[in-house]
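Chains as they are written, first to last, in the working numbering: chain A, 1 to 475; chain B, 1 to 311.
Dropping the structure here:
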């Protein structure tokens, strides 16, 4: 009986080793295998391409359905793309679901969150695109977009649009505040709306303005000055990592201790803590506080619970769903660090080709990626989803981004200005999956705990991140 | 003649055997695929470097087990889980028994109490957890009530010293109805004649409870105890939804840690090693159950002796 058990266990393990082994063959850098720009894709028989993406908001879903259908029509008889849509939810569940599929085989093309490019490339889940895309094709893409998609000097991913964080505000509350508030802040600078990224509010100024804007409402309720809610696993890392001045991990991008818990980290932690202490934010805010009074067909709205919203540009479509909010929102620049340095967090979803895309299908898969990242697609996606386009030329071409545009009181121009001034991809590390959730958790706890020891929390987060990175055996 | 009869019998017996096996087959296949194979694989993976994204590349022997001994979060997860078991099992079983005794009445209107106490059990734990997150919020119901009597707002889920107790309180409230229903069924099976006899002997309420009720429900009680212990050791949903193991890992439990290391961190090998160690915790829980069984037989003997004495 013991022997039988041993044989069964050994067989199972051998099967596992067999099932887990092998990654797609990768061509060397400089070896071009794709189509030249303008060259038409031809094939003897139709090639099927599987594509996976997370479910987006209504505007994004409409765009995806229309665009994939249009691609299939245009390439009828040559390429057929079938899409699979997963619910992303919270806690990186999309990334987990993709991870679970590695053993059984990944879809040919994957839409993935930009900061994970290094992680997925390191783990051999995606293969370089630069063997199939000409350098000329890439010249129109924003440098930071290409930077985000690059790992080990190879391009692995290409984006359609990107995202950045702004301080969104309700004009009605802001105008009332500016009209009635004493005109000087602690630094004796006049409180006014910034006119360029160079004079963007500092983090401290934002905190002071937010605290002053917090208002008591009827029924023991408050409308807080600012809302900073977001995804539990990475939002806080995304939003506040520039406060570390780019030194959140060591030079090897694998060491948190001494960096994440440095003096800069403590300053960031204290900043978040004071936001709560001074009632600038609601520690238990919901993501809808900024537009809870929104009115649209079938809903009447309640009360706005946050006058400003520190959030990503992807939420603009949400604001525009409500007739009263669409006219009332505006945005100012991402804040400068208190020492005057300026770096704006960017990074969005991007397209990559999986290791399991067979050699014979790769040119077709890249043709699909190129279709999605074409000028026309980038423009329509950026326009319909109110996201900043990944292509430079579109900032001169789309009405809302043109210099002097008055669309939404010039908010889109401010998005462009801050991106061109100081856009930087989120912390680039192969260990993003280990690093980001733990930093976000620590920062969330600093905000929500009643009496946190900030330094201890940062130390613990740094130690845990380092341990996890060591255990995951990153080199 | 005898030979033919024997052959007939054995052929019939074989048919019976085959029929029996066919009846068992779905359960055996199901158990093999969804229980035995995963356990065996988990056991094997615990000795490998299996990473969800990179696959299985090498045997690492007892490396994960050695590392677990130094893993502070794992130690905290064990202590938290034990703390949860120690508090929840007696509180939940005790409350369930009290509720069962209260609703074990034939008077009109008591059915509504059974329904009220059982309602949380049929409500999804996710829904209950989200509801209690609102109650525990800084501006939630509990803090409003505390504020009304002049007590400062509490952190509940955000204070490392209170978070686990907040989860314990909610879990006791949510789960007690299930144990109550089982204990109620046991209470209704206790023979009324025994209470009558005890009354004739001049036993008071407490004596009736101690010498009639308790021995009468003890075998069911030990079952309730066992399932509560097992359920408590498997604590996952509440901290996953409400605290994600925080603050400061004060609500990190063994199962949540298996999930975090195996799924979130994608270290299948390491997660499997924790799961294997967790299996030992279950064996310990079973041992407790066995001890409970012995207690039952002890009380049974005592009850039989009492009945004999009465007769």
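Every residue gets a Cβ at the ideal spot worked out from N, C-alpha and C, and that includes glycine.
- Taking the Cβ atoms as the reference, residue 266 of chain A lies roughly 6 Å from residue 454 of chain A, within the contact range of under 8 Å.
- Non-local C-beta neighbours of residue 26 of chain A in its own chain, meaning closer than 7 Å and more than five positions away in sequence, comprise 127 and 128, ordered along the chain.
- Taking all protein chains in view, the Cβ of residue 276 of chain B is crowded by 16 or more other Cβ atoms within 10 Å, so the residue is classified as buried.
- The residue from A/159, A/423, A/434 and A/366 with its alpha-carbon nearest to that of residue 36 of chain A is A/366.
- The beta-carbon of residue 421 of chain A is placed no less than 7 Å from the nearest beta-carbon of chain B.
- Under the three-state reduction of DSSP, residue 170 of chain A is assigned to strand.
- Proximity to residue 39 of chain A across A/137, A/165 and A/200 peaks at A/137, based on C-alpha coordinates.
- Setting aside the 5 residues that flank it on each side, residue 332 of chain A is surrounded in the same chain by 167, 193 and 194, each with a C-beta closer than 6 Å to its C-beta; the list follows chain order.
- Where residue 216 of chain A is concerned, the enclosing beta strand (DSSP E) starts and stops at 215–217.
- Within chain B, not a single residue places a beta-carbon under 7 Å from that of residue 365 of chain A; the smallest gap is close to 20 Å.
- Under the three-state reduction of DSSP, residue 17 of chain B is assigned to helix.
- Residue burial annotation: residue 16 of chain B is exposed, with fewer than 16 other C-beta atoms found within 10 angstroms of its C-beta.
- In the pairwise beta carbon analysis, the stretch 100–116 of chain A is classified as touching the stretch 46–55 of chain A: at least three pairs are separated by under 8 Å.
- Assigned with DSSP and collapsed to three states, residue 260 of chain A falls in coil, not helix or strand.
- Residue 105 of chain A and residue 81 of chain A have their alpha carbons spaced roughly 17 Å apart.
- Residue 306 of chain B and residue 235 of chain B have their alpha carbons spaced roughly 41 Å apart.
- Between residue 200 of chain A and residue 335 of chain A, the beta carbon gap of about 6 Å places them in contact (Cβ cut-off 8 Å).
- For residue 266 of chain B, a Cβ of chain A is located within less than 7 Å of the residue's own Cβ.
- For residue 54 of chain A, the enclosing beta strand (DSSP E) has its first and last residue at 47–54.
- Membership of residue 378 of chain A in the alpha helix (DSSP H) is indicated by the continuous run 375–385.
- Excluding the 5 residues flanking it on each side, residue 364 of chain A has same chain C-beta neighbours closer than 8 Å at 41, 43, 47, 49, 78 and 79, in chain order.
- Relative to residue 220 of chain A, the option among B/220, B/148, B/283 and B/309 whose CA is nearest is B/148.
- The Cβ atoms of residue 77 of chain B and residue 257 of chain B sit closer than 7 Å to each other.
- The Cβ of residue 263 of chain B sits closer than 7 Å to at least one Cβ of chain A.
- Look at the stretch 287–311 of chain B: it has no residue with a C-beta under 9 Å from a C-beta of chain A.
- When Cβ-Cβ separations below 7 Å define contact, residue 226 of chain B makes no contact with chain A.
- Pairing residue 318 of chain A with residue 163 of chain A, the inter-Cα distance amounts to about 15 Å.
- Residue 54 of chain B has a beta carbon lying within less than 7 Å of a beta carbon in chain A.
- In the DSSP annotation of this structure, the continuous segment of the beta strand (DSSP E) that includes residue 225 of chain A starts and ends at 221–227.
- The beta-carbon separation of residue 432 of chain A and residue 119 of chain A, rounded to 5 Å, stays under the 8 Å limit for a contact.
- From the listed residues B/183, B/32 and B/295, the smallest Cα separation to residue 217 of chain B is found for B/183.
- Among the CB atoms of chain B, one or more fall inside 7 Å of the CB of residue 449 of chain A.
- Residue 109 of chain A is bridged by DSSP to A/51 and A/353.
- 7 Å or more divides the Cβ of residue 301 of chain A from the Cβ of residue 266 of chain B.
- Relative to the Cα of residue 192 of chain B, the nearest Cα in the group B/152, B/255, B/105 and B/227 belongs to B/105.
- In the three-state reduction of the DSSP assignment, residue 308 of chain A falls in the strand class, which pools E and B.
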